[in-house]
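First the structure, in the form of structure tokens, and then the observations on it.
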Amino acid sequence: MGAWNRPLAALYPSLATALGPLELASLPTPVQALTRLGLPGLYVKRDDLSSALYGGNKVRKLEFLLGAARASGARTVLTMGGAGSNHLLATALHGLGLGLRTAGVIFPQPDSPAVRRQRCAYRGAGVELLPTPSKYLLPASVLAALVRLRLREGRFPALVPGGGSSPLGCLGFVNAGLELAEQVRARALPEPAAVFVPYGTGGTAVGLALGLRLGELGTRVVAVRVIDRLVANRPRLELLAWSLGRLIRRHAPGARLPRELLGNLEIRQGQLGAGYGHPTPQGEAAQAAFSEAGLRLELTYTAKAAAAFLEEARRGAGPLLFWLTYSSADIDRWVTGGGGDA
Ligand SMILES: Cc1ncc(COP(=O)(O)O)c(C=O)c1O
Numbered sequence: 399m400g401a402w403n404r405p406l407a408a409l410y411p412s413l414a415t416a417l418g419p420l421e422l423a424s425l426p427t428p429v430q431a432l433t434r435l436g437l438p439g440l441y442v443k444r445d446d447l448s449s450a451l452y453g454g455n456k457v458r459k460l461e462f463l464l465g466a467a468r469a470s471g472a473r474t475v476l477t478m479g480g481a482g483s484n485h486l487l488a489t490a491l492h493g494l495g496l497g498l499r500t501a502g503v504i505f506p507q508p509d510s511p512a513v514r515r516q517r518c519a520y521r522g523a524g525v526e527l528l529p530t531p532s533k534y535l536l537p538a539s540v541l542a543a544l545v546r547l548r549l550r551e552g553r554f555p556a557l558v559p560g561g562g563s564s565p566l567g568c569l570g571f572v573n574a575g576l577e578l579a580e581q582v583r584a585r586a587l588p589e590p591a592a593v594f595v596p597y598g599t600g601g602t603a604v605g606l607a608l609g610l611r612l613g614e615l616g617t618r619v620v621a622v623r624v625i626d627r628l629v630a631n632r633p634r635l636e637l638l639a640w641s642l643g644r645l646i647r648r649h650a651p652g653a654r655l656p657r658e659l660l661g662n663l664e665i666r667q668g669q670l671g672a673g674y675g676h677p678t679p680q681g682e683a684a685q686a687a688f689s690e691a692g693l694r695l696e697l698t699y700t701a702k703a704a705a706a707f708l709e710e711a712r713r714g715a716g717p718l719l720f721w722l723t724y725s726s727a728d729i730d731r732w733v734t735g736g737g738g739d740a
């Protein structure tokens, strides 16, 4: 695999050299005007197209995370997420190409055809599923899985956090912010007043907020919360941003970072509904509207973020950018067996 030829490497060459990310994604992803929603000044960043194997937001983080896993000599990657986790599938599919197996600790989420389909795809991709009864038991279950894999394989697996949201994973979205800044400079779109993203584990929003500032855009990041407050809250985002800043400074000593790292990030409440993975009427309406525009959303993350985006658009504050974080790659060939009731 060749050198990592991305805007972040141009800004901080020493960081890219030290951390050895891989080129797994097809970047830059295109930006398009969203004219078919019938409201002015709306744009979409097509991260759904970030990889023909499996796109969406995760592949940007995996460029760093799987680069580190491979460099560590691990044979297996251990990660975690909800029963229908896109992150788990993305890790497994991109890991396969690098000769890495994936094991996933999964917690229950509301059942749906999409979740069942995802479970089939895990099987097709050879994921070892390690179910835990509740997301609050994740730390204990992950620890148990680490020990089990160590005993079985004679070495620890590479540990990738839920959603890929470690400081290392966030770097993929710092790069994404710089990428958008280049697209604004190239007049692919006007400078957005705000960019809307779903907020699950927060790596997307935190990395993007910093990347936009480093790219000298005044754009706000609106992080639409789709999981409960115990998991998604401002102190956790601040801690992640602080650790990200420390990682950058360690590998790019001259880096000039904003004093208030998340000064341009707002957490948007009001779209969670009954909880993580529970559909909402506003989300379903947004899904239908985007579908008319030829864009596919799912109901756990992107539809809820799109509902907040449309609400803001109706208030007339533009230009606004919707960051489409859900892969549109065809996963049919991984969906084997057709059951999904493991
Ligand atoms: C489609 C989709 N969008 C957004 C997110 C949230 O991103 P983050 O966990 O970085 O907040 C996820 C996370 O799993 C996702 O699968």
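In this text, residue positions in the sequence shown follow this note's numbering: the first is 399, and each later residue adds one. Cβ atoms here follow ideal geometry from the backbone N, Cα and C, with glycine treated the same way. The structure presented is a predicted model; accordingly, all values stated were derived computationally and were not measured.
#1: Closest to F594 by C-alpha separation, out of V475, L413, A579, V620, would be which residue?
#2: Whole angstroms is fine: what's the gap from L463's alpha carbon to G643's?
#3: I need the DSSP call for G480, collapsed to helix, strand or coil.
#4: Return the first residue and the last residue of the beta strand (DSSP E) that T500 is part of.
#5: Would the C-beta of K782 count as close to ligand 1, meaning under 8 Å from any of its heavy atoms?
#6: To the nearest whole angstrom, what separates the beta carbons of A683 and L432, a pair I think is in contact under 8 Å?
#7: Hey, does L587 have any beta-carbon neighbour from chain B nearer than 9 Å?
#8: Beta-carbon within less than 6 Å of G605's beta-carbon, same chain only, minus the 5 sequence neighbours each way: which residues are those?
#9: Hey, would you say the C-beta of P696 is under 8 Å away from at least one heavy atom of ligand 1?
#10: Give me the residue from I504, A715, H676 with the minimum Cα distance to K702.
#11: Expressed to the nearest angstrom, what Euclidean distance is found between the alpha-carbon atoms of A401 and W732?
#12: What are the uninterrupted segments assigned as beta strand (DSSP E) that are 3 or more residues long and contained completely in the segment 671 to 720, given in chain order?
#13: At a cut-off of 8 Å, is P596 close to ligand 1 when judged by its beta-carbon and the heavy atoms of the ligand?
#14: Measuring CA to CA, which of A501, A450, A481, Y699 is closest to R473?
#15: Among residues of its own chain, excluding the 5 on either side of V429, which ones have a beta-carbon nearer than 8 Å to its beta-carbon?
#16: Name the two residues that bound the continuous beta strand (DSSP E) containing E636.
#17: So, helix, strand or coil for L528, using DSSP?
#18: Quick check on the DSSP output: the beta strand (DSSP E) that includes L440 runs from which residue to which?
#19: Once DSSP output is grouped into helix, strand and coil, what is the label at L451?
#20: Do three or more CB pairs link the segment 452 to 462 to the segment 481 to 492 at distances below 8 Å?
#21: Alpha carbon to alpha carbon, how far is G552 from L541?
#22: Pop quiz: S470 and P565 are said to be a contact at Cβ under 8 Å. What is the actual Cβ separation, rounded to whole angstroms?
Based on what the coordinates show:
#1: V620
#2: When the Cα atoms are used, L463 and G643 turn out to be separated by approximately 17 Å.
#3: Residue state, collapsed to three classes: strand.
#4: 499 to 505
#5: The chain is shown only over 399 to 740; residue 782 falls outside these bounds and no answer can be derived.
#6: Distance from A683 to L432 at the Cβ level is roughly 16 Å; contact not present, criterion being Cβ atoms closer than 8 Å.
#7: In summary, chain B is missing from the structure at hand, where a single protein chain is found.
#8: C568, F571, V572
#9: In the sequence as presented, Pro is not what sits at residue 696; that position holds Glu. Indeed, a heavy atom of ligand 1 lies less than 8 Å from the Cβ.
#10: H676
#11: 30 Å
#12: Complete beta strand (DSSP E) runs here, min 3: none at all.
#13: yes
#14: A501
#15: Y441, V442, K443, R444, L578, Q581, A586, L587, L719
#16: No beta strand (DSSP E) holds E636; the alpha helix (DSSP H) holding it covers 632 to 649.
#17: Reduced to three states, the DSSP call for L528 is strand.
#18: 440 to 443
#19: It is coil, neither helix nor strand.
#20: yes
#21: 16 Å
#22: Incorrect: roughly 16 Å between the Cβ atoms, too far for contact.
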